[in-house]
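Note sheet for the following structure.
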Amino acid sequence: DAGVTQSPTHLIKTRGQQVTLRCSPKSGHDTVSWYQQALGQGPQFIFQYYEEEERQRGNFPDRFSGHQFPNYSSELNVNALLLGDSALYLCASSSTGVMVAFFGQGTRLTVV
Amino acid sequence: AQSVTQLGSHVSVSEGALVLLRCNYSSSVPPYLFWYVQYPNQGLQLLLKYTSAATLVKGINGFEAEFKKSETSFHLTKPSAHMSDAAEYFCAVSENSGGYQKVTFGTGTKLQVIP
């Protein structure tokens, strides 16, 4: 079992650009959540996807959007990047009704 | 609204000493509580979870935590620290929000183990 996999592991982008991060959930999991972890902070919930729909969203602007595919994998898109978007982006997967989430290694995004 | 407070952003212990990392939560409904560990440049690994069964929860790597409803606490302990325990630890609370689970993390506690 490969667990939760995220790609790429590191990324450098320029202000104003757009970025797409990818996540493959753990086998058997149907729910994917995305978190932003700024340096020295705890993870902040961005949104959650289930059955290809966004079903919960945290306090993030519309520049943050996502998608879930029929195979349960997911993408996080961020438009018009700001320096403050620099962070570790974590993907977590879980099964409906199960309280435990498993996390990927994260994607380190640096905006310059 | 749920929230988590971790007391002490940095904790230092000697190798072999007791580890105690504090977590207090606020939740309007019976919560699910978790401790995760994060090693440098890595994701979060689940240490243990409380899901309304036994109040004393045992996790991996010798860690355990006790749910105390009267104190709204879920402190993490380990009898004897090992060098490999040096990492950042996050307490998290999850509750049902509109039929969906919402997870809120604390700000983390960095554990330093001194040889």
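As they're listed, the protein sequences go chains A and B.
Every letter in the first sequence is one number past the one before it in the working numbering, and letter 41, counting from 1, is 41.
Every letter in the second sequence is one number past the one before it in the working numbering, and letter 89, counting from 1, is 1089.
We put the CB at the ideal spot given by N, CA and C, even for glycine.
Does any C-beta atom of chain A lie closer than 8 Å to the C-beta of residue i?
i: Thr1005 of chain B; result: no
i: Phe1063 of chain B; result: no
i: Thr1176 of chain B; result: Only positions 1001 to 1115 of chain B appear in the structure, and residue 1176 of chain B is not among them; the question remains open.
i: Lys1068 of chain B; result: no
i: Gln1112 of chain B; result: no
i: Phe1090 of chain B; result: yes
i: Gln1043 of chain B; result: For the record, residue 1043 of chain B in the displayed sequence is Gly; it is not Gln. It does; some Cβ of chain A falls within 8 Å.
i: Gly1108 of chain B; result: yes
i: Lys1058 of chain B; result: no
i: Lys1049 of chain B; result: yes
Considering only their Cβ atoms, is the gap separating residue j from residue i smaller than 8 Å?
i: Val111 of chain A; j: Lys13 of chain A; result: yes
i: Pro70 of chain A; j: Glu52 of chain A; result: yes
i: Ser94 of chain A; j: Gly28 of chain A; result: no
i: Asn79 of chain A; j: Arg57 of chain A; result: no
i: Tyr49 of chain A; j: Leu90 of chain A; result: no
i: Ser1094 of chain B; j: Tyr1032 of chain B; result: yes
i: Gln105 of chain A; j: Gln1045 of chain B; result: no
i: Ala92 of chain A; j: Val4 of chain A; result: yes
i: Ala1092 of chain B; j: Phe1105 of chain B; result: yes
Pick out whichever of the options has its Cα sitting closest to the Cα of residue i.
i: Gly1062 of chain B; options: B:Ser1052, B:Thr1072 and B:Val1037; result: B:Val1037
i: Gln18 of chain A; options: A:Ser33, A:Leu83 and A:Phe45; result: A:Leu83
i: Glu1015 of chain B; options: B:Pro1079, B:Phe1090 and B:Lys1102; result: B:Pro1079
i: Tyr1039 of chain B; options: B:Ile1114, B:Tyr1032 and B:Thr1109; result: B:Thr1109
i: Ser1028 of chain B; options: B:Ala1001, B:Lys1049 and B:Gln1042; result: B:Ala1001
i: Val1103 of chain B; options: A:Ser74, A:Leu39, A:Phe45 and A:Tyr72; result: A:Phe45
i: Ser1003 of chain B; options: A:Leu21, A:Gly42, A:Val100 and A:Arg22; result: A:Gly42
i: Arg108 of chain A; options: A:Val32, A:Asp30 and A:Gln37; result: A:Gln37
i: Ser33 of chain A; options: A:Gly66, A:Pro61 and A:Gly16; result: A:Gly66
Along the chain, where does the beta strand (DSSP E) that runs through residue i open and close?
i: Lys1110 of chain B; result: Thr1109 to Ile1114
i: Arg22 of chain A; result: Val19 to Ser24
i: Gln56 of chain A; result: Glu53 to Arg57
i: Gln1006 of chain B; result: Ser1003 to Leu1007
i: Arg108 of chain A; result: Thr107 to Val111
i: Ser33 of chain A; result: Thr31 to Gln37
i: Asn71 of chain A; result: It is not in any beta strand (DSSP E) - Asn71 of chain A carries neither H nor E in the DSSP assignment.
Please tell me whether residue i has its Cβ less than 8 Å away from any Cβ of chain B.
i: Ala101 of chain A; result: yes
i: Gly66 of chain A; result: no
i: Gln36 of chain A; result: no
i: Phe47 of chain A; result: no
i: Gly28 of chain A; result: no
i: Pro43 of chain A; result: yes
i: Gln18 of chain A; result: no
Can you look up residue i in the DSSP assignment and give me helix, strand or coil?
i: Leu83 of chain A; result: helix
i: Thr1062 of chain B; result: Thr is not the amino acid found at residue 1062 of chain B; the sequence shown has Gly there. Of the three classes helix, strand and coil, the one that applies to Gly1062 of chain B here is helix, per DSSP.
i: Glu1015 of chain B; result: coil
i: Ser94 of chain A; result: strand
i: Ser65 of chain A; result: strand
i: Ser1084 of chain B; result: helix
i: Ala1073 of chain B; result: Looking at the sequence provided, one finds Ser at residue 1073 of chain B rather than Ala. Residue state, collapsed to three classes: strand.
i: Arg1022 of chain B; result: strand
i: Ala1092 of chain B; result: strand
i: Asn1041 of chain B; result: coil
i: Gln41 of chain A; result: coil
Does any CB atom of chain C fall closer than 8 Å to the CB of residue i?
i: Val1103 of chain B; result: Structure shown: chain C not included; protein chains present are A and B.
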